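Take any residue in the first sequence, note its place counting from 1, add 2, and you have its number in the numbering used here.
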Amino acid sequence: MSLRLHSTLTGHDEPLVAGDDGVVGIYACGPTVYSRIHIGNARPFVVFSVLKRYLERRGMRARLVINVTDVNDKIYDAARAEGIPSTRLAERCTRQYIDDTNLLGLGRPDAEPLVTGCMDDIVALIGNLVDRDLAYAVGGDVYFRVRAFPAYGCLSGRHLDDMPDDDPGERKEDSLDFALWKGLKDGEDAWWDSPWGPGRPGWHIECSAMAERELGMGFAVHGGGIDLAFPHHENEIAQSEGAHGAPFARIWMHNEMLELAEGKMSKSIGNIALLVDVVGRWGPDTVIAYFMQSHYRSRLPFSDDRLGEAEAACRRIRNAVRGLDRAVGSAGDEADPALTAAMIDARTRFVDCMDDDFGTPGAMAAVFDLVRAINQALERGSPPRGQVLEVRLGLVGLLDMLGLAGLAVPGAGDEVPEDIRDLVRRREEARGARDFAGADALRAEITARGFELRDGADGPEVVAAT
RNA sequence: GGCGACCUGGCGAAGUGGGAACGCAUCGGUCUGCAAAACCGACAUGAGUGGGUUCGACUCCCACGGUCGCCUCCA
């Protein structure tokens, strides 16, 4: 069974196949760096990072490329508003983007090209298109001649005849044509030389150039938010396939948008929640679980309630791991066959779901079924140490494929300070003396300090309140 | 106006032409000095509405209603 992914290009699930070098090349459009990224921007980062992770855990080789757009009108505007050079703003925001996404603990992409670092590739690609008469220079700008590329519209299902036929303005031959190179204008403080004069690349050409440079033509997966399908990805196809006469990307994988009560989250609307704030408040595991519990092609409501549910779900998994860790010490000697069966069943269902268009919700469901089986087994008796360790390893293996292995790691919050331990001891003494009023006062004190007391059969347990 | 998606229990959310996963919440139980936490169990005779195809549809087709996205910057 191989992994299949839904492609926007065909409207169907397509088999994922590695390139000739055995590597699955994945390119995802990254952020434009003019402010901190919001939680919506994080969705493709999480989706494609976890996709790569899953492929590698399944023994495939994958190369993930997520670019950084560090030249753009919005960067000029934001820098002007701040009164600093646009290059400085872009550098600062790029660093923040790296810092913020690092908080997720999903690792870095294999390559994160900057537009400013690929100017030669971009100029060469534009030159190629001009040579082929697919582009024309006029007054310092260069435009792509859309009607000269017959397949235009193949990705978004649009037909040229349906497109609005506006006034093309003074420079463009046709209103549909889009800019490959924008000549330097007043107020722009960063520019590059080109055969057509000083200026900067258009928004779409950069991704064509960077994807080809990092992955070659005909790579496996090109991704990004569904809102980029048109015109951005449509234009990328026109540029790259126009220049080479060869397929650009085989599967176009688009994630849906985050949704708020007021509509989708967008910098333009201003209803944003910054990734750094969301992760800071809920922690990386909750944020990743929040994404993984819905399918990447579904719109996903964003709210405190949703994150709160994800947190509760994470807690359920953490508790099962804690249960296993406790069971290692009190192990019996009779293996629990139902537990082993549940382990195998969960792994099979997990992989089936993941292979079917990256079905992370079904994969999560498989994890929860295993969690219940673990809890039931531990309630029934004490499985032997070997089985406990095997199941723990299996569970962590599944979590790791989703980027959630952190749920099995005792967090820093689990380290209980000595003064708290002392309060617990004093409460136990009070309880032993049947001084329940004193015991309850001490419990309130522990709670007030941000810890949660859990009385169990083996005595009290203290964990950091979440 | 053009293109497209979606409508599943209180909420979120999957899969599937023939038993409607999973999570949250709720309720019942176990545990406890009492709680909390944790765990266990229960929880949609039904999938926006109306037709059609089929032995049989939530799952396919059509219509209607509703929600939303793209068509301009957007993950």
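Glycine is no exception: its CB is placed at the ideal position from the N, C-alpha and C atoms. Since the structure is predicted, the reported quantities are computational estimates derived from the model, not experimental observations.
Legend entry - Gly-201 and Lys-174 closer than 8 Å at C-beta: no
Legend entry - Residues near Gly-334 by beta carbon distance below 8 Å, same chain, minus five either side: Gly-383, Ser-384, Pro-385 and Pro-386
Inset, instruction - For Leu-404, write down the residues that DSSP places opposite it in a beta bridge. - result: For Leu-404, which the question treats as bridged, DSSP gives no partner whatsoever.
Inset, instruction - Closer than 7 Å by C-beta to Asp-102: which residues in its own chain qualify, once you throw out the five before and the five after it? Chain order, please. - result: Arg-38, Ile-39, Leu-277 and Val-278
Inset, instruction - Compare the C-alpha of Ser-300 against each of Val-52, Thr-288 and Met-259 and name the closest. - result: Met-259
Inset, instruction - Could you tell me the boundaries of the alpha helix (DSSP H) in which Arg-38 lies? - result: Looking at the DSSP string, Arg-38 is not in any alpha helix (DSSP H), and its letter there is neither H nor E.
Inset, instruction - Answer yes or no: do Ile-207 and Ile-77 have a C-beta to C-beta separation smaller than 8 Å? - result: no
Inset, instruction - Can you give me the Cβ contacts of Asp-191 inside the same chain, cut-off strictly under 6 Å, excluding the 5 residues immediately before and after it? - result: Pro-87 and Ser-88
Legend entry - Host beta strand (DSSP E) of Leu-455 (start-end): 453-458
Inset, instruction - Would you check if the distance between the CB atom of Pro-203 and the CB atom of Val-73 is smaller than 8 Å? - result: yes
Inset, instruction - Use the C-beta contact count for Gln-378: other C-beta atoms within 10 angstroms, 16 or more gives buried, fewer gives exposed. - result: exposed
Inset, instruction - Can you grab the Cα-Cα spacing for the pair Glu-114 / Ile-68, in whole Å? - result: 5 Å
Inset, instruction - Evaluate Glu-16 with the Cβ neighbour count: other Cβ atoms within 10 Å of its Cβ, from every protein chain shown; 16 or more gives buried, anything less gives exposed. - result: buried
Inset, instruction - Verify whether the separation of the beta carbon atoms of Ile-376 and Gly-325 is less than 8 Å. - result: yes
Inset, instruction - Determine the direct distance from the alpha carbon of Gly-109 to that of Val-465, and round the result to whole angstroms. - result: 28 Å
Inset, instruction - Kindly indicate the opening and closing residues of the beta strand (DSSP E) around Asn-257. - result: 251-257
Legend entry - Element boundaries [beta strand (DSSP E), containing Tyr-29]: 25-30
Legend entry - For Ala-466, the three-state DSSP class (helix, strand or coil): strand
Inset, instruction - Keeping to the same chain, check which residues put their C-beta closer than 7 Å to that of Gly-141; ignore five residues upstream and five downstream. - result: Arg-173 and Gly-185
Legend entry - Distance between Ile-448 and Ala-414 (C-alpha atoms, nearest Å): Confidence at Ala-414 is low in this model, with a pLDDT of 47, below 50, so its placement is unreliable and no value can be given for it.
Inset, instruction - Taking all protein chains shown into account, decide if Asp-22 is buried (16 or more other Cβ within 10 angstroms of its Cβ) or exposed. - result: exposed
Legend entry - Ala-414 - DSSP class collapsed to helix/strand/coil: Bear in mind that a pLDDT of 47 at Ala-414, under 50, signals an unreliable position, so the number given afterwards is only what the model happens to contain. The answer is helix: DSSP assigns Ala-414 an H, G or I state.
Legend entry - Contiguous alpha helix (DSSP H) assignments of at least 4 residues, all confined to the segment 97-172: 121-133
Legend entry - Euclidean distance between Cα positions of Arg-320 and Ile-28: 32 Å
Legend entry - Endpoints, the alpha helix (DSSP H) within which Ala-348 is located: 339-357
Legend entry - Cβ-Cβ distance between Arg-215 and Asp-176 below 8 Å: no
Inset, instruction - With distances taken Cα to Cα, identify the nearest neighbour of Gly-282 among Leu-309, Tyr-298 and Leu-18. - result: Leu-309
Legend entry - Outcome for Lys-187 when other beta-carbon atoms lying within 10 angstroms are tallied against a minimum of 16: exposed
Inset, instruction - For the segment 433-442 and the segment 389-400, state whether three or more C-beta atom pairs, one from each stretch, are separated by less than 8 Å. - result: no
Inset, instruction - Look up His-206 in the DSSP assignment and say whether it is helix, strand or coil. - result: coil
Legend entry - Within 8 Å, strictly: CB atoms of Val-70 and Gly-107: no
Inset, instruction - Grab me the residues of Asp-358's own chain with a C-beta within less than 8 Å of its C-beta, minus the 5 sequence neighbours each way, in chain order. - result: Arg-6, Asp-15 and Gly-364
Inset, instruction - Measure from the alpha carbon of Ala-213 to the alpha carbon of each residue in Gln-241, Pro-233, Thr-10 and Ala-81, then state which is nearest. - result: Gln-241
Legend entry - Check: Val-148 C-beta below 7 Å from any heavy atom of the ligand PLP: Only the bare structure without any ligand can be found here, which leaves the ligand PLP out of the picture.
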